[in-house]
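S.K.:
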Amino acid sequence: MALPTLRIIGFILGIFLITLAASMLLPLFAQLWYGRTDELEAFLWSSLITFGTGLALVLPGRPAEAHLRPRDMYLLTTASWLVVALFAALPMLMIRDLSYTDAFFESMSGITTTGGTVLTGLDDASPGLLLWRSLLQWLGGIGFIAMAVAILPLLRVGGMRLFQTESSDWSEKVLPRSHMVAKYIVGVYLLFTLLGTLAFHLAGMGWFDAVNHAMTSVATAGFSTSDASLAAFPPASHWVAVVLMVLGSLPFMLYVSTLRGNYKALLRDQQVRGFLKLLVAACLLFSGWLWLNSDYAWNDALRLASVNTVSIITTTGYALGDYSQWGDFAIMAFFYLTFIGGCSGSSTGGLKIFRFQVAFALLRANIQQLIHPRAVIQQKYNGHPLDEEIVRSILTFSFFFTITIGVVALGLALLGLDPLTALTGAATAVCNVGPGLGPIIGPAGNFASLPDAAKWLLSLGMLLGRLEIITVLVLFTHAFWRH
821 MALPTLRIIG
831 FILGIFLITL
841 AASMLLPLFA
851 QLWYGRTDEL
861 EAFLWSSLIT
871 FGTGLALVLP
881 GRPAEAHLRP
891 RDMYLLTTAS
901 WLVVALFAAL
911 PMLMIRDLSY
921 TDAFFESMSG
931 ITTTGGTVLT
941 GLDDASPGLL
951 LWRSLLQWLG
961 GIGFIAMAVA
971 ILPLLRVGGM
981 RLFQTESSDW
991 SEKVLPRSHM
1001 VAKYIVGVYL
1011 LFTLLGTLAF
1021 HLAGMGWFDA
1031 VNHAMTSVAT
1041 AGFSTSDASL
1051 AAFPPASHWV
1061 AVVLMVLGSL
1071 PFMLYVSTLR
1081 GNYKALLRDQ
1091 QVRGFLKLLV
1101 AACLLFSGWL
1111 WLNSDYAWND
1121 ALRLASVNTV
1131 SIITTTGYAL
1141 GDYSQWGDFA
1151 IMAFFYLTFI
1161 GGCSGSSTGG
1171 LKIFRFQVAF
1181 ALLRANIQQL
1191 IHPRAVIQQK
1201 YNGHPLDEEI
1211 VRSILTFSFF
1221 FTITIGVVAL
1231 GLALLGLDPL
1241 TALTGAATAV
1251 CNVGPGLGPI
1261 IGPAGNFASL
1271 PDAAKWLLSL
1281 GMLLGRLEII
1291 TVLVLFTHAF
1301 WRH
């Protein structure tokens, strides 16, 4: 790869780091607001180190003769997430008695909106630390992506291409300029966060808890301000979380379309309709199961099942009680739900619902072809024909997605983890869900007791899952680096 290309990538990474350094000042102000001066130096020094590194990358300037090609965006996308995670770990490293492995795991879990944690004692943690964790997830959901889309066009870089390589968003560009699209996305994201904060507060949360949970709910991320997660807060707040998780799981480009006057954009979208039907069916199924197999009243069973089901399907990772105690059927069903994810172009992880819909359409077409061998069957999805390129890309991604989970699970087993922890740990990392199953990493546990090597492997799994596998794997091919 040419030196000017690496310089422009470094220049853009420097802008990201400067933005991250500015974000570190918000937890510092939170410490001052609440009269906590014990951890100010941690955020101040972290911000200075991050800002200094970013400034060193920006000062040489943007090479005038350099232009990023489409394939260079894969390196930029992967490098930006990795570099941000490396520096985002600094505050946690300085605040808590953590190894860098634990701090990096926490920051990678945050920026990829996975939600797995190694921290305990959150109820007594400083407001700065709690806000930083939530802010990382908020940035990692859509806010950070949208800001990148807004910045890159100013550098004569195809910003929407960065968004596409990360989220597989097929939505049509509803505005002529990508930075205008980004402004609308940021506006919608901020609106949901503000409304979520108000709703959480009205539901019984304090303002600080409301702000944190609004950020991590809209980002479908899952960090909480309590070790008990949502169970530490009033029941009304649980329904607020459900609504925000669903909103964060829908395509943000369709929100933009709605704001531009296409008021039926969400209702007409096949992906959205299928996703909402799945949520309703799964919530009712688990509510009935819990109601019949426990002493919960129907209202409580519906609330508990809805929060946990929506949390898993949307890859948020909140936990309301220990759903691994609901029986073997529930355990297996929750494991399957781990893989689904929300809609393309949302803040969720997982396979995304549209891939399941396309697979079902292909299966139905193949069955019809067997019955009517001479018939010409046109395959469509959401009103668009499914061409060979789309089908090939879906099959390729789904194959490597499954293989990645299998390889990570084998690696975890090789490091001494039991089969349940290894398999569900790999699945929850690559799908960016958060909690796994079992007594160690289940909804009542965390990842603190795992070996350091396992945490690094899971961090890699989070990165691969967030960037949808192929974006990272292409960097390891000889053809990519060949001139």
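To convert a position in the sequence shown, counted from 1, into this note's numbering, add 820.
No residue lacks a Cβ here, since even glycine has one placed at the ideal position from N, Cα and C.
Since this is a predicted model, take the numbers as computed values, not measurements.
1. Need the endpoints of the alpha helix (DSSP H) that residue 1034 sits in, please.
2. Exposed or buried, residue 1167, counting other C-beta atoms within 10 Å across all chains shown (16 or more means buried)?
3. For the alpha helix (DSSP H) containing residue 847, name the first residue and the last one.
4. Got a sec? Which residues, its chain only, sit under 6 Å from residue 1119 by beta carbon, not counting five neighbours each side?
5. Of the residues 928, 1102, 864 and 1070, which one's Cα is nearest the Cα of residue 1276?
6. What is the DSSP secondary structure of residue 1204, reduced to helix, strand or coil?
7. From what residue to what residue does the alpha helix (DSSP H) around residue 1156 run?
8. Candidates 1006, 1032, 1007 and 1004: which alpha carbon is nearest residue 1017's?
9. For chain B, find out if any of its Cβ atoms is closer than 8 Å to the Cβ of residue 1175; answer yes or no.
10. Since residue 877 and residue 826 should fall inside the 8 Å C-beta cutoff, what is the C-beta to C-beta distance between them, to a whole number of angstroms?
11. Helix, strand or coil for residue 903? Go by DSSP, reduced to three states.
12. Go through its chain and collect everything with a Cβ distance to residue 847's Cβ below 8 Å, but skip five positions before and after it.
13. Starting from the C-beta of residue 1243, find all residues in its chain whose C-beta is less than 6 Å away, skip the five residues before and the five after it, and write them out in chain order.
14. Rounded to a whole number of angstroms, what is the C-alpha to C-alpha distance between residue 1014 and residue 1195?
15. For residue 1143, which residues of its own chain have a beta-carbon under 7 Å away from its beta-carbon, when the five flanking residues on both sides are left out?
16. Going by Cα to Cα distance, which pick from 1116, 1136, 1025 and 1301 is closest to residue 1066?
17. What are the uninterrupted segments assigned as alpha helix (DSSP H) that are 4 or more residues long and contained completely in the segment 1072-1104, given in chain order?
18. From the DSSP output, in three-state form, read off residue 1138 for me.
19. To the nearest angstrom, how far is it from the Cα of residue 875 to the Cα of residue 1145?
20. The alpha helix (DSSP H) with residue 938 in it runs from where to where?
M.R.: Taking the coordinates as given:
1. For residue 1034, the enclosing alpha helix (DSSP H) stretches over residues 1027-1038.
2. That one is buried.
3. Looking at the DSSP string, the run of the alpha helix (DSSP H) that includes residue 847 is 845-853.
4. By the criterion of a C-beta distance shorter than 6 Å, residue 1119 is surrounded by no residue of its chain, once the five residues flanking it on both sides are discounted.
5. The alpha carbon of residue 1276 has as its nearest neighbour, out of 928, 1102, 864 and 1070, the alpha carbon of 928.
6. It is a strand residue.
7. Counting along the chain, the alpha helix (DSSP H) containing residue 1156 begins and ends at 1148-1157.
8. Comparing Cα-Cα distances from residue 1017 to each of 1006, 1032, 1007 and 1004, the minimum goes to 1032.
9. Annotation note: the requested chain B is absent from the structure, which comprises a single protein chain.
10. Incorrect: roughly 11 Å between the Cβ atoms, too far for contact.
11. Under the three-state reduction of DSSP output, residue 903 falls in the helix class.
12. Result list for residue 847: 863, 911, 947, 948, 949, 951, 952 and 955, in chain order.
13. Same-chain partners within the cutoff: 1229.
14. Across the structure, residue 1014 and residue 1195 are spaced so that their CA atoms are roughly 53 Å apart.
15. Closer than 7 Å at Cβ, skipping near neighbours: 1128, 1150, 1154 and 1263.
16. Checked all of 1116, 1136, 1025 and 1301; the closest Cα to residue 1066 is 1136.
17. The alpha helix (DSSP H) runs of length 4 or more contained entirely in the segment 1072-1104 are, from start to end of the chain, 1072-1079 and 1085-1088.
18. Assigned with DSSP and collapsed to three states, residue 1138 falls in coil, not helix or strand.
19. Their Cα atoms are separated by approximately 51 Å.
20. Element bounds for residue 938: n/a, residue is neither H nor E.
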